[in-house]
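What the sequence shown shows, in mature numbering (1 follows the signal peptide of the UniProt record, and there is no 0), is residues -29 to -1, 1 to 400, in sequence order. To start, the structure itself, in structure tokens.
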Amino acid sequence: MIINRRAMALGFGVMFGVGVASGFTVANADDQETYKSLELFSKAFEKVREDYVEDVSEKELIEAAIQGMLSSLDPHSSYFSAKEYEDLRTDTKGEFGGLGIEVTMENGWVKVVSPIDETPAYRAGIKAGDYITHLDGESVQGLSLDQAVERMRGLVGEDIKLTIAREGVDPFDVTITRDKIKIRSVRYRVEDGNVGYIRISRFNEQTQPGLDQAIKRLNEETENGLAGYVLDLRNNPGGLLDQAISVSDTFLEQGLIVSTRGRDRQNAQDFRASKGDSAKGLPVVILINGGSASASEIVAGALQDHRRAILVGTDTFGKGSVQTILPLNRTDAIKLTTQRYYTPNGRSIQAKGIQPDIVVEQARLEVLNNNFRSEADLRGALDSENAPAENTEEAEAETGETTPADYQLSRAVDLIKAISLYSGMTDTR
């Protein structure tokens, strides 16, 4: 989950200058220890610069030190160079060049959270839970997550060879041709005559406009009215916090959507729904699985707590933390975990996930991979605080019927129809 915020930060050079300034008075013992540690770092930096076997860039050394500091905190905090920062801003707009996969880092390997629908990686059969061990024959060990992502991106039309480690099979190579990735955040169609199916692949700046258009078009395309909606958040790795809040608000009449709380409890925030349910109270079923993370879990948790939707599928990933983008200057920034988020009932899903109301496993013949690892499996993951007791053309509707392989979707459609039928029987009594 990512939010943007401008903040001021001191660079190492400024802190070093303060630490060694003559006549400087240390405020307290903690400050004194901090400056001693910074002096230790400064000495190590000088030793590397002067005595390392090869010339090394001072800038690269500083960037590596910052990256090491942040990556030691948790799997999601990181440093962005000028190029990486620009790539991030492009990514959240929903258009960039590359392969089309959402990844994280686990034990030094690149782990696929989920492939993005209709991208080169998706078409090549890359699955959630896969590990990428080599890029063009070179091991990813020793690379930061951002460095690995940078190597996977490149010129449109260029090939890259990924070595994949997948549970149950021997490692294998996949060659993928890079393409311009334009993420169609929202897709939709009518299922079984009167059920509105809405698939959200990730939460970016296109999501809420796409959802609004989907609801409008689905109602126009259904002659006798919709029985309800299936909101598919499977393999959705998350994205922007404001979009998760907007999507939740679309289906809620009122009430709390999500709360965020950090180390300073005075900075806690509550996000509430505005009046008006765009779905007009029709039944909603949300499909979730182990690839549903972050923003997806906010939507699922909010609608579950308000009893506005029935969750069908399997446990979600369990990423209940918020990352804030903090600019260091005009070009560089850090992504820092600053808050946990909580559902309306006060649940923290960090490392625990959201549990479905109705557990429906994937059928064996399905394409979707169910061998997911969760947030709790990531090295350095934050602990849960819960006590044990306690664009027009792009948004056009898809054609085609539900494939028999999608067992979870079939059950969701059946559930919508059953609720609609029961409601109709109750109304006539």
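All C-beta atoms in this analysis are idealised placements derived from N, C-alpha and C, irrespective of residue type, glycine included.
From residue i to residue j, what distance separates their C-alpha atoms?
i, j, result
"Arg205", "Val255", "15 Å"
"Ser156", "Tyr200", "17 Å"
"Ala198", "Ile387", "7 Å"
"Tyr93", "Gln3", "52 Å"
"Glu224", "Leu212", "19 Å"
"Asp235", "Arg243", "21 Å"
"Ala383", "Ile259", "11 Å"
"Gln214", "Glu10", "43 Å"
"Ile169", "Val27", "51 Å"
"Gly247", "Phe222", "8 Å"
"His47", "Val270", "20 Å"
"Glu192", "Ala250", "15 Å"
"Asp286", "Ile325", "6 Å"
"Glu31", "Gln184", "46 Å"
"Asp377", "Arg279", "24 Å"
"Val(-10)", "Ala(-1)", "Low per-residue confidence applies at Val(-10): pLDDT is 38, beneath 50, and the placement is therefore not dependable, though the value from the model is reported in the following sentence. Near 16 Å, if we compare the C-alpha coordinates of Ala(-1) and Val(-10)."
"Ser115", "Ser85", "19 Å"
"Arg122", "Ala53", "16 Å"
Can you tell me whether residue i is helix, strand or coil according to DSSP?
i, result
"Ile33", "helix"
"Ile216", "helix"
"Pro298", "strand"
"Ala15", "helix"
"Ala(-21)", "Interpretation of Ala(-21) is limited by its pLDDT of 30, a score under 50 that renders its predicted location unreliable; the figure taken from the coordinates is listed afterwards. Coil at Ala(-21), not helix or strand."
"Gly275", "Reading off the sequence, residue 275 comes out as Gln, not Gly. In this structure, Gln275 counts as helix in the three-state DSSP scheme."
"Gln225", "coil"
"Arg170", "strand"
"Glu73", "strand"
"Val111", "coil"
"Gly252", "coil"
"residue 446", "Nothing about residue 446 can be reported from this structure: the residues present for the chain run from -29 to 400 only."
"Ser381", "helix"
"Tyr93", "helix"
"Leu189", "helix"
"Val84", "strand"
Rounded to the nearest angstrom, how far is the Cβ of residue i from that of residue j, given a contact under 8 Å?
i, j, result
"Leu282", "Asp328", "5 Å"
"Gln310", "Arg232", "6 Å"
"Val229", "Tyr313", "7 Å"
"Ser49", "Lys306", "5 Å"
"Ile216", "Ile154", "Their Cβ separation, rounded to whole angstroms, is 19 Å, which puts Ile216 and Ile154 out of contact at 8 Å."
"residue 405", "Gly100", "Absent from the model: residue 405. The displayed extent of the chain is -29 to 400, so no value can be given."
Taking the Cβ atom as the reference point for each residue, do residue i and residue j lie within a distance shorter than 8 Å?
i, j, result
"Gly167", "Val127", "no"
"Ser267", "Gly226", "no"
"Asp107", "Lys132", "yes"
"Ser263", "Phe288", "yes"
"Thr148", "Thr104", "no"
"Leu59", "Thr90", "no"
"Ile257", "Leu274", "yes"
"Gln321", "Gly291", "yes"
"Val218", "Gln179", "yes"
By the 10 Å Cβ neighbour count, where 16 or more other Cβ atoms means buried, how is residue i classified, buried or exposed?
i, result
"Ala239", "exposed"
"Ala352", "buried"
"Arg158", "buried"
"Phe143", "exposed"
"Met76", "buried"
"Val19", "exposed"
"Tyr56", "buried"
"Arg160", "buried"
"Glu73", "buried"
"Val111", "buried"
Could you tell me whether the Cβ of residue i comes closer than 8 Å to any Cβ of chain B?
i, result
"Ile135", "Considering every chain present, this structure includes no chain B. It has just one protein chain."
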